[in-house]
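Residue numbers (the UniProt record's numbering): 1 to 77. Quick reminder that beta carbons are idealized off the backbone N, C-alpha and C, glycines included. Have a look at the structure below, then the notes.
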Amino acid sequence: MLDSQVIEIDGIFVGTAILVDRNQTHRFYATHDNVRSLHNMIVPDMTALKHRVAQTFRRMARCDMGALGRLRPQGQA
């Protein structure tokens, strides 16, 4: 590990980008369940990594909110 950078999405810590070589290759260490599918993903571009993590995090958050809405008893809003 040459360096690391915390990744936060919407103020929530979701993981760390670890610089693994001098060619700017980064490995993602996921800490949040919404981005667990990206754990150990390797990308050559930090901007692309942050974009992918944010996209996945927000998509999974929307899915979680939809599931919560279905758990309400009938007749309650």
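Return the residue from the list the options that minimises the CA-CA distance to residue i.
| i | options | result |
| --- | --- | --- |
| residue 78 | C63, V53, D3 | What is shown of the chain runs 1 to 77, which leaves residue 78 out entirely. |
| R27 | G11, F57, K50 | K50 |
Assuming contact is defined by CB atoms lying nearer than 9 Å, are residue i and residue j in contact in what I supplied?
| i | j | result |
| --- | --- | --- |
| N34 | A61 | yes |
| Y29 | G11 | no |
| T56 | S37 | yes |
| I9 | R58 | yes |
| F13 | V6 | yes |
Skipping 5 residues on each side, what residues in its chain have a beta carbon closer than 6 Å to that of residue i?
| i | result |
| --- | --- |
| S4 | T16, I18 |
| M1 | I18 |
Is it the case that the CB of residue i approaches a heavy atom of the ligand ZN more closely than 8 Å?
| i | result |
| --- | --- |
| L38 | For the ligand ZN, the structure offers nothing, since it holds no ligand at all. |
Using a Cβ-Cβ cut-off of 8 Å (strictly less than) and excluding sequence neighbours within five positions of residue i, which residues of its own chain qualify?
| i | result |
| --- | --- |
| R22 | L2 |
| residue 97 | Residue 97 cannot be examined here, being either before or after the span of the chain that is shown, 1 to 77. |
In its own chain, which residues sit with a C-beta less than 7 Å from the C-beta of residue i, not counting the 5 before and 5 after it?
| i | result |
| --- | --- |
| V43 | H26, L49 |
Fill in: Length-filtered (3 minimum) beta strand (DSSP E) runs lying within the stretch 2-43
Correct list: 3-9, 12-19, 26-30.
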